[in-house]
Structure formats: C-alpha cells, structure tokens
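Using full-length UniProt numbering, you'd call the opening residue of the sequence shown number 1 and step up by one each time.
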Amino acid sequence: MRKSFRISFFTFFLIFWGATLFAQKDEASLEKIYNDALKSFDKNDYQQGYKLLDECLKQDSLWHKALYARAFYQLQEGKNQEAERSFSKIIRYYPTDIDGFLGRAEARANQQRFPQAFKDLEKALKMDSTHLGAIYQMAFTHFKADNPKMVQAYLDKGLTYAPENIQFLLLKALTYQTYKEFSQAENILQKVLKKEPENIEAQKIKALIAYERGSYKDVIRTYEQILKKNPNAFTEEDFYYWSMALYKTKSYKQALSIIQSIKEIQNSELYYVQALCLFQQKKYTEAWEAMQNAEKLDDSFPAEFYYDKAIMAHYAKKAQSARENYLKALVLMPEIYLLRNDKDEKVEVLMNANSIFQREFSQKFLDSVLVTAYQERSLNVLENDKTNEALKDIEKALAIDSLNSKSYTIRGITYALMGKFQDANRDFEKAEKLPKERDLGYLYLMRGLAAAEAQNIGQAVFYLDKAISHSPLQANYYAEKAHLLFEIGDTEGAFKCIDKAIVLAPKEVDYRLDKINFLHEEERYDDLLKECERVLEIEPDAVQVYYFRGMAHWAKKNKTQARKDLEFFLQYYPDDKDAQKALKLLD
1 MRKSFRISFF
11 TFFLIFWGAT
21 LFAQKDEASL
31 EKIYNDALKS
41 FDKNDYQQGY
51 KLLDECLKQD
61 SLWHKALYAR
71 AFYQLQEGKN
81 QEAERSFSKI
91 IRYYPTDIDG
101 FLGRAEARAN
111 QQRFPQAFKD
121 LEKALKMDST
131 HLGAIYQMAF
141 THFKADNPKM
151 VQAYLDKGLT
161 YAPENIQFLL
171 LKALTYQTYK
181 EFSQAENILQ
191 KVLKKEPENI
201 EAQKIKALIA
211 YERGSYKDVI
221 RTYEQILKKN
231 PNAFTEEDFY
241 YWSMALYKTK
251 SYKQALSIIQ
261 SIKEIQNSEL
271 YYVQALCLFQ
281 QKKYTEAWEA
291 MQNAEKLDDS
301 FPAEFYYDKA
311 IMAHYAKKAQ
321 SARENYLKAL
331 VLMPEIYLLR
341 NDKDEKVEVL
351 MNANSIFQRE
361 FSQKFLDSVL
371 VTAYQERSLN
381 VLENDKTNEA
391 LKDIEKALAI
401 DSLNSKSYTI
411 RGITYALMGK
421 FQDANRDFEK
431 AEKLPKERDL
441 GYLYLMRGLA
451 AAEAQNIGQA
461 VFYLDKAISH
471 SPLQANYYAE
481 KAHLLFEIGD
491 TEGAFKCIDK
501 AIVLAPKEVD
511 YRLDKINFLH
521 EEERYDDLLK
531 ECERVLEIEP
541 DAVQVYYFRG
551 MAHWAKKNKT
561 QARKDLEFFL
571 QYYPDDKDAQ
581 KALKLLD
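Here it is in structure tokens:
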C-alpha cells in the first residue's frame, strides 16, 4: 500500500511543541550562542548549528534547551538513531519531560520500531492524558504502523478535546483515503473546506481520492487549481501524482514538462514516471537513463520497476541490462512471469516481456529461476514465523518442479514449525532420495532443527552430527549444535562446538556473541571480559558487548566501568529491564 505522509509530524511538532523548543528562559550567557545556532539551522547550515549547540553544552552539559534543540534537528534531518540517543539522554535527566518521550517515539517509529515507540507514547499519555501532541502522535504512529482502527480511536479522542482541530481532521481524512474509505474521507474534507476553503492539504487529499478512483482528469484539475493559488505548496509527492495522472491520460509531454520543472529531483518515483513517458514517446535510451537515475536514489523498487526497465533496456539495445533486469524482476516476484502479483492480481507493466526474452532464456532455465525465487521467499517469510505464507510459496515451487530436493527440505522445516512432524519427516525422507538440488548437509541441519522443535533431542543431536559430518567446514552447523547442547545442559559440548564455529569463521561476530552469552550464563566473568575485548577488536560497534561487559563488571563490583558500559548500552536499548535494574543497584 502506497502511503502519503504529506501531513508532516513536524507540522504538528512545531504547533504543539514550539514553546518547548523556542521559548524557555535560560542563562543569559548561553542565549546568544543558542540563538545563533537556531539561525544557522534556519539557513540549513546544520554543521554550524550543531557546533554552536556543542558550545552551549560545554558550558552546561545538561542544559535542557540545547539538548532538546540538538535532538529536534537530528530528528528533522532523519538521523533517527542519533536523535533517539539524544532524546534518551533528555529523558534520563528530565524524566517528566513529555516532549522528550514524544521525540524519542518519533525517532523509533521512523526506524520501524513501533512497539518501542508506542511504549514511549503511552508513558507520555500517562503523564498527561489530554496532551494533544501526544494523542496526535499516537494516531500518526499507528497510521505508519498500518493500524487504522487505532488511528481513528486516538483521533476521535483528540477531537473530543479539540473538535475543530484541522490537523486531527486532516489525518482522519487521510486515513480513510489510505484505506479506500473514500466517502468517509470526503465527509471530513467537506467539513475542513467549509471552515478553511483554501486549505491546501485538504485539496491534496481530494486529489489522492480522485487518483485512487481513476478520475485522473479531476486529479489534474485539482493540482492545476493549487498551482494557481500557491505554486510553492507542491512537494515531490504531489508532482508524482500529478505527472502520473497525466501519464494515465496519455498527456506525456505535459507530464514531462512538470517533472523537468523540478530543479533537483529527490523522489525516485518521479524518474520512473519520466521514464514511462519517454518510453511512450519512443525515446528509449533516455527512458532507460531515467530508470538508472531512479535506481541511484532508491535501489528497493518492486518487481514491476525492473520488469519495465528490462523492456526499456531491450528497446534501447542494451541487451545485458535487459536480461539482468528481467531476471531480477522474476526473482523479486516470480508471479510476474504470469503478469500477476503475489496477491494474484494483474500487474501494471508496459507489456508482456516474456515474448521478448523467450529467445534469450530456455524454459528450463526460467523454471529454475522461478523455483529458486519461491524457495528464497519461503525461507525469508519463515524467519518471521509466517508459516502459512511460506507453505504457499514452497508449494508454488513444487508445482513448477516436483523433483527438487531443496523444495521438499524447505517444506519439511515449514511443516515442523507448524507442528506437523509426520508431514515434515515424510518430506525430509523424499528430499534425501531426490538428487536435484540436494544438499545433504543442509537437509540434515533442517532435520535436526525440526527434531529439536519436536523436543526430540536425541534425533536432533543425531541429525546435527550428520550435518557436521557431511559438511565439516560449515561454521553455522556447529553453532546450531552449540545452542542445542547448551539448552540441554551439556555446557562442555556447547563450548567445544561454538569454539569450532569461531575457528571456522573468526570474523563472524554472532558466534562470539553466542560464546559471550554462554559465559554470562555460566558466570565465568573473567573469560567473558576477555572475549568481549576480542569482539570489540573485530567490531567496535557491537553494542550488545557493552551489556555483557557491563554486567560482568557489575558482578565483579567494578562499579565505574559497569556504569559506563551499561549507560552506553542503554543509549541504544533504553527499555532493557536487566540493564536498568543493574544500573539502579549501582547507585
């Protein structure tokens, strides 16, 4: 689902939080430096702005105003991890500062860490249940997290305190529009426009509704009206919908004119629209180049993009690019081979490219590509415990090739995770008999993990040993066995296995972290500290190490070092209860 975030959280941030940032009374000696910093930020000279804030903090390291400004502008720049740490520091020293929790929540939400964001917002609302900024942000965060019912619940709550609040009404309308409840959205917009007939954001949402309904002429008309009233009101997202509506109505020249009016394009999708228009004008090389520009800005386009790019490359006589992009499209979404998507809906692409590439690739080769794509996607969704989706994908692979050993192996582990152990064993046995794409080491590993899932420890150890015997240089096989042995209390065996994994992959930090965890559980703190130093030599940014090292120092009564490590760890994981508890006990 494509979402519009045109109602910026920062708009609301400035409306409700502006007093916090810009109107506090502080020491006169710092005011000039602080005000100069704000002027630098206003001029987009962020480097100078941060430098001046640092000067303030040198004089008073806990001056709230400077701490808050730094966090705010880090958030505005999109430096979400830095902003999160800065807001965490504010919260640590100003634990009743609602705005600190709101800022950290926004930084976390921007990193897709919604559970942690919601926790911060709940804390803010616990301090003040009527705080409009907190209520709005809770609604907006639920909007980002695809929870439409919760969005509306919080917006309704906010509107009980501020029934005519335009920002709440606009987000309510945008939510209805996003989830295709257009009539409800239009009712809200009618209310907004009755109060503010020239409200640009309301008009833009009207344009989005028209776009979703396929009323492209209405979209064009609305944007043309906005242009007459306020030519500076356009974002690149607005230009995208406007130019796309023109493309849909075959007004290619006008769409290109709009896109070319943008001084420096930052929205990769605008290049995509530009490429589509150029292709329709038979400017094939220029179209392909526009697709190249799109990829420079964003390399995470969906399969349809690469499918279209393959077609453009073919017509631009760039054969290698054409082949590569066609195959990439199939790998990303194998259903596109049948011009469908993973929801079995018809895809919108320039044309059927299969006829173009049938001379380039044999059907046997294409089938192998599709099977591999389904296998990889099945494994990826399994990592998120989506067993039903994984099963659907791997059965699509088996429908193409019913003699593929790896597909049966993957379906076997899928069945095991679903608790269907007889079905799992049947697939594993079939996988062992079939020669095509058979990897016995991987098969035995999966069978061992399936047995462990069924709590059949003897079988689990048996198959993990077979996996190791077949592939003695696979470090992850030893690591999996180490986890199993540690769980059943064979700590000596666990350490031997994890040490072997480390020998085979000395730069793989995860295996060393496994060993550190084992040492922590066994309370072998001296050995743990030595291992921590080894990890930090390889990966200085391995934040988890600071937790274990801090806890080891805590156990050894090295309070100063323990505090330093735990405080550093809590900057990244501020909700960790064990670290919080240990830190409190140091006081």
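Ideal Cβ placement from N, Cα and C applies to all residues, glycine included.
Model, not experiment: these values are computed from the prediction.
Residues of its chain near residue i, where Cβ-Cβ distance is below 6 Å and the 5 sequence neighbours each way are ignored
{"i": "residue 24", "result": "The pLDDT assigned to residue 24 is 45, lower than 50, so where the model puts this residue is not dependable; a value taken from the coordinates is nonetheless given after this. Cβ neighbours of residue 24 beyond the five flanking positions: 65."}
{"i": "residue 570", "result": "579"}
{"i": "residue 559", "result": "586"}
{"i": "residue 182", "result": "209"}
Given residue i as reference, the closest of the options once Cα atoms are compared
{"i": "residue 158", "options": "51, 123, 131 and 144", "result": "131"}
{"i": "residue 480", "options": "461, 96, 470 and 421", "result": "461"}
{"i": "residue 485", "options": "456, 338 and 269", "result": "456"}
{"i": "residue 443", "options": "279, 99 and 431", "result": "431"}
{"i": "residue 63", "options": "375, 93 and 118", "result": "93"}
{"i": "residue 474", "options": "330, 502 and 359", "result": "502"}
{"i": "residue 248", "options": "531, 125 and 216", "result": "216"}
{"i": "residue 378", "options": "545, 119 and 389", "result": "389"}
{"i": "residue 420", "options": "323, 150 and 387", "result": "387"}
{"i": "residue 198", "options": "226, 32 and 169", "result": "226"}
{"i": "residue 55", "options": "467, 75 and 32", "result": "32"}
{"i": "residue 487", "options": "505, 466, 522 and 469", "result": "522"}
{"i": "residue 78", "options": "513, 111 and 102", "result": "111"}
{"i": "residue 331", "options": "140, 259, 375 and 315", "result": "375"}
{"i": "residue 148", "options": "510, 178, 128 and 562", "result": "178"}
Span separating the alpha-carbon of residue i from that of residue j
{"i": "residue 403", "j": "residue 364", "result": "13 Å"}
{"i": "residue 228", "j": "residue 292", "result": "33 Å"}
{"i": "residue 482", "j": "residue 564", "result": "31 Å"}
{"i": "residue 352", "j": "residue 535", "result": "51 Å"}
{"i": "residue 581", "j": "residue 540", "result": "25 Å"}
{"i": "residue 381", "j": "residue 500", "result": "30 Å"}
{"i": "residue 121", "j": "residue 134", "result": "6 Å"}
{"i": "residue 584", "j": "residue 167", "result": "41 Å"}
{"i": "residue 299", "j": "residue 459", "result": "44 Å"}
{"i": "residue 356", "j": "residue 344", "result": "23 Å"}
{"i": "residue 489", "j": "residue 144", "result": "44 Å"}
{"i": "residue 368", "j": "residue 125", "result": "54 Å"}
{"i": "residue 278", "j": "residue 268", "result": "16 Å"}
{"i": "residue 252", "j": "residue 40", "result": "42 Å"}
{"i": "residue 370", "j": "residue 194", "result": "54 Å"}
{"i": "residue 234", "j": "residue 115", "result": "33 Å"}
{"i": "residue 557", "j": "residue 97", "result": "33 Å"}
{"i": "residue 281", "j": "residue 245", "result": "17 Å"}
{"i": "residue 596", "j": "residue 320", "result": "Residue coverage of the chain in this structure runs from 1 to 587, which leaves residue 596 outside it and unanswerable."}
{"i": "residue 602", "j": "residue 118", "result": "For residue 602 there is no data in the structure shown, the boundaries of the chain being 1 and 587."}
{"i": "residue 504", "j": "residue 537", "result": "18 Å"}
Contact set for residue i: own chain, Cβ-Cβ below 7 Å, skip 5 residues either direction
{"i": "residue 53", "result": "37, 66, 69 and 70"}
{"i": "residue 543", "result": "569 and 572"}
{"i": "residue 360", "result": "323"}
{"i": "residue 325", "result": "306, 309, 310 and 313"}
{"i": "residue 532", "result": "516, 545, 548 and 549"}
{"i": "residue 346", "result": "339 and 340"}
{"i": "residue 467", "result": "441, 444, 445, 448 and 477"}
Sub-8 Å separation of residue i and residue j beta-carbons
{"i": "residue 34", "j": "residue 49", "result": "no"}
{"i": "residue 271", "j": "residue 290", "result": "yes"}
{"i": "residue 295", "j": "residue 349", "result": "no"}
{"i": "residue 440", "j": "residue 464", "result": "no"}
{"i": "residue 243", "j": "residue 273", "result": "yes"}
{"i": "residue 471", "j": "residue 477", "result": "yes"}
{"i": "residue 87", "j": "residue 113", "result": "no"}
{"i": "residue 416", "j": "residue 373", "result": "no"}
{"i": "residue 201", "j": "residue 180", "result": "no"}
{"i": "residue 84", "j": "residue 107", "result": "yes"}
{"i": "residue 288", "j": "residue 318", "result": "yes"}
{"i": "residue 312", "j": "residue 275", "result": "yes"}
{"i": "residue 207", "j": "residue 241", "result": "yes"}
{"i": "residue 236", "j": "residue 266", "result": "yes"}
heavy atom of the ligand FAD below 7 Å from residue i C-beta
{"i": "residue 333", "result": "By its list of ligands, the structure shown contains no ligand whatsoever, and the ligand FAD lies outside what it can speak to."}
Contacts around residue i, its chain only, beta-carbon distance under 8 Å, and the 5 residues preceding and following it disregarded
{"i": "residue 434", "result": "403, 404, 405 and 408"}
{"i": "residue 29", "result": "59"}
Validate contact between the region 159-166 and the region 174-187 using beta carbons, cut 8 Å, 3 pairs: no
Touching by the beta-carbon criterion (3+ pairs, under 8 Å), the region 423-437 and the region 380-397: no
Given 8 Å, three or more beta-carbon pairs between the region 526-535 and the region 489-497: no
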